[in-house]
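Here is the structure we will look at.
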Amino acid sequence: MTWKGLYPILSLSKTVYQKGISLTKKAMEQVESRLQRNPLLPKWDIFIQPL
1 MTWKGLYPIL SLSKTVYQKG ISLTKKAMEQ VESRLQRNPL LPKWDIFIQP L
């Protein structure tokens with residue numbers, strides 16, 4: 001799969017997480033700061049900036 005000639009970089013996480021665990025507001029703000037949402041499709045078109 002490519003988009004504008006770029007290939008996505010994927011990795012499979014086999015870690016099993018506990019249910020009911022959520023991020024703190026501060027941790028979620030750090031995640032959200034890396035997301036760039038398309039104003040026309042904010043739920044589905046999200047660019048994630050690498051760390």
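Here this note's numbering is used: the first residue of the sequence shown is 1, the next is one more, and so on. Just so you know, even glycine gets a beta-carbon here, dropped at the ideal spot from N, CA and C.
Query, Result
"Taking just the CA atoms, how far does residue 3 sit from residue 39?", "19 Å"
"So what's residue 49 in DSSP terms, helix, strand or just coil?", "coil"
"Out of curiosity, what's the CA-to-CA distance linking residue 35 and residue 24?", "17 Å"
"Who does residue 44 pair with in a DSSP beta bridge?", "DSSP, once it has assigned bridges, lists no residue as partnering residue 44."
"Among all the DSSP beta bridges, which residues are the ones paired with residue 37?", "46"
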